[in-house]
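If you want this note's numbering, it's the position in the sequence shown, counting the first as 1, plus 3.
See below for the structure under consideration.
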Amino acid sequence: MNHKLKREHGFIHIPCHELDIFILSDGYFGVGYHQPILAPDIPQNMVKNELRNLYLSESYYEAPINVMLIKKAGRIILIDTGEGFYDEENAGQLLHSLSAAGFTPESVTDILITHAHRDHIGGILSKNGEIVFPNAQYYISRPEFEFWMAGEPDFQKSKNPEGGKPSIPLVRKTLSAIGSRLTTFETGDFLFSCIQTQTAPGHTPGHIIYSVINGDLSIINVVDVFHSPLLIAKPDWGTQWDTDFEAGIETRKKVLENCYQNRTLICSAHLPWPGIGYISKVNDQFQWIPKVYNHPFLINLATDLEIVT
Ligand SMILES: [Zn+2]
């Protein structure tokens, strides 16, 4: 069967007291082999050995695009918008997943942008430039907005300085189109009475991660701090996708240590679908532990309290 011919979509529902969290699939991206995007400076045999240790493909790298939606009284908050029409072969499935979960684009009241890469803002506009979510207000961190919109973005600290440049016109066009509905916030602000944002620079200067908090339940979305379980095991191998390679490593290590120490439940934009799990340590090396769940569309956090405390 050729999976690429199918419209693939799906969602997971995570009730969180009065909040309903959903993880919606936008599809995935396929990048061929891991290197040089991941671990650009590491000898290939070392990378292959580690992939083998982690039971990951030694020849092909693909990663899902997992999008979070939060439903709370009077609000439907979407966090990022997937690839949109930019990769119709593998991705751009968000609207199908949204509909499968029982929502319409018109019902979305707020869109929080974690950072302005294409796989996160690509779904804001349709192919002919129309706004896809007609009733939404948009939010982006001030440093992220300024990086792309004020002066020339600087990619010199990236391992692939030319790689970021083609996305500048796309980002500027998209953020300009929603300019009148776009609000900037400071990294660290608490939004919508349920989302604690946190600065996580490196991937981009204004890249945020965030915790969704309701009473005794919380889940942290680490967004693009990890693009593969490989970078959890080997955080300092790094990725060319980070605007600042070294800052990306520093952020990755900090997030890993915090999540490990606190047994934090994580979700993520690009870890294997649905991107939910924990950070463990084996022989002094961090390891991704996918969350166990037993219903195809539902994760019940309330039953986990005894695990995470
Ligand atoms: Zn991403």
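Yeah, the Cβ is synthetic: ideal placement off N, Cα and C, and Gly gets one too.
Quiz item: Anyone know if the C-beta pair for S102 and G13 falls short of 8 Å?
Solution: Position 99 of the sequence shown holds residue 102. Position 10 of the sequence shown holds residue 13. Cβ distance not < 8 Å, so S102 and G13 don't count as in contact.
Quiz item: By how many angstroms is the C-alpha of R266 removed from the C-alpha of T312?
Solution: In the sequence shown, the residue the question calls residue 312 occupies position 309. In the sequence shown, the residue the question calls residue 266 occupies position 263. Bear in mind that the predicted position of T312 carries a pLDDT of just 46, short of 50, making it too unreliable to give a figure here.
Quiz item: In terms of residue numbering, what span does the alpha helix (DSSP H) encompassing H273 cover?
Solution: Within the sequence shown, the letter at position 270 stands for residue 273. Run containing H273: none; DSSP gives neither H nor E here.
Exercise. Rank I68, V295, I282 and L268 by C-alpha distance to the C-alpha of C19 and give the top, closest one.
Key: Here residue 19 corresponds to residue number 16 of the sequence shown, with the count starting at 1. Considering only alpha carbons, the answer is L268.
Quiz item: Cβ atoms of T117 and D83: under 8 Å apart, would you say?
Solution: As a working note, residue 83 is residue 80 in the sequence shown. As a working note, residue 117 is residue 114 in the sequence shown. Going by C-beta atoms, D83 is nearer than 8 Å to T117.
Quiz item: Should G166 be flagged as near chain D, meaning a C-beta pair shorter than 8 Å?
Solution: In the structure shown, chain D cannot be found, because there is only a single protein chain.
Quiz item: So, helix, strand or coil for D204, using DSSP?
Solution: Here residue 204 refers to the residue found at position 201 of the sequence shown. Residue identity check: residue 204 is Pro in the sequence provided, not Asp. Looking at P204 - three-state DSSP - the assignment turns out to be coil, as it is neither helix nor strand.
Quiz item: Is it right to say Y63 is buried, meaning 16 or more other beta carbons lie within 10 angstroms of its own, or is it exposed?
Solution: As a working mapping, residue 63 is identified with position 60 in the sequence shown. By the 10 Å Cβ count, Y63 comes out exposed.
Quiz item: Closest by CA to L274, which one among E86, N56 and V228?
Solution: By one-based count along the sequence shown, residue 274 stands at place 271. For the residues E86, N56 and V228, the minimum Cα distance to L274 belongs to V228.
Practice problem: Can you check DSSP and say which residues form a bridge with S214? | Solution: Counting from one through the sequence shown, the residue named residue 214 turns up at place 211. For S214, which the question treats as bridged, DSSP gives the partners Q199 and I223.
Quiz item: Near ligand 2, which residues have their beta-carbon closer than 6 Å to a heavy atom?
Solution: Of the ligands this structure carries, namely ligand 1, none is ligand 2.
Quiz prompt | Where A153 falls, given that 16 or more other Cβ within 10 Å makes a residue buried | solution = The residue you call residue 153 lines up with position 150 of the sequence shown. That one is exposed.
Quiz item: Can you name, in chain order, every residue of its own chain whose Cβ lies under 6 Å from the Cβ of F148, other than the five neighbours on each side?
Solution: For the purposes of this step, residue 148 is identified with residue 145 of the sequence shown, where counting begins at 1. Around F148: T187.
Self-check item: Alpha-carbon to alpha-carbon, N131 and N224
Solution: Along the sequence shown, one-based indexing puts residue 224 at 221. Along the sequence shown, one-based indexing puts residue 131 at 128. Using only the alpha carbons, I get a separation of about 31 Å.
Quiz prompt | Burial state of N5, where buried means 16 or more other Cβ atoms lie within 10 Å | solution = Numbered from 1 along the sequence shown, position 2 holds the residue referred to as residue 5. Low confidence applies to N5: its pLDDT is 46, below 50, so where it sits in the model is not reliable, and the reading given next is rough at best. Classification of N5: exposed, given that the 10 Å Cβ count is below 16.
Practice problem: Determine, using beta-carbon pairs with one atom in the segment 230-237 and one in the segment 160-176, whether at least three such pairs fall under 8 Å. | Solution: no
Exercise. In the DSSP assignment, find the unbroken beta strand (DSSP E) run with K74 in it and report its ends.
Key: As a first step, residue 74 must be located in the sequence shown, where it is residue number 71. Taken as a continuous stretch (DSSP letters only), the beta strand (DSSP E) holding K74 covers E65 to K75.
Quiz prompt | Span separating the alpha-carbon of E309 from that of E133 | solution = Within the sequence shown, residue 309 is the residue found at index 306, counting from 1. Within the sequence shown, residue 133 is the residue found at index 130, counting from 1. With a pLDDT of only 49 at E309, under the threshold of 50, the placement of this residue in the model should not be trusted; the figure read from the coordinates follows. Roughly 47 Å separates the two Cα atoms.
Quiz item: CB-CB under 6 Å to L81, same chain, minus the five flanking residues each way: which ones, in chain order?
Solution: Your numbering for residue 81 matches position 78 in the sequence shown. Cβ neighbours of L81 beyond the five flanking positions: L72, V111 and I114.
Quiz item: How do the segment 243-251 and the segment 190-207 stand: do at least 3 beta-carbon pairs fall below 8 Å, yes or no?
Solution: yes
Practice problem: Go ahead and pull the three-state DSSP assignment for S62. | Solution: For the purposes of this step, residue 62 is taken as residue 59 along the sequence shown, with counting starting at 1. Coil.
Exercise. Tell me where the alpha helix (DSSP H) around Q264 begins and ends.
Key: Residue mapping note: residue 264 aligns to position 261 of the sequence shown, counting from 1. Its alpha helix (DSSP H) spans residues F248 to N265.
Exercise. Go ahead and pull the three-state DSSP assignment for P232.
Key: In the sequence shown, the residue the question calls residue 232 occupies position 229. P232 falls in the helix class under three-state DSSP.
Exercise. Put Q140 into one of helix, strand or coil per three-state DSSP.
Key: The residue you call residue 140 lines up with position 137 of the sequence shown. Here Q140 sits in strand by DSSP.
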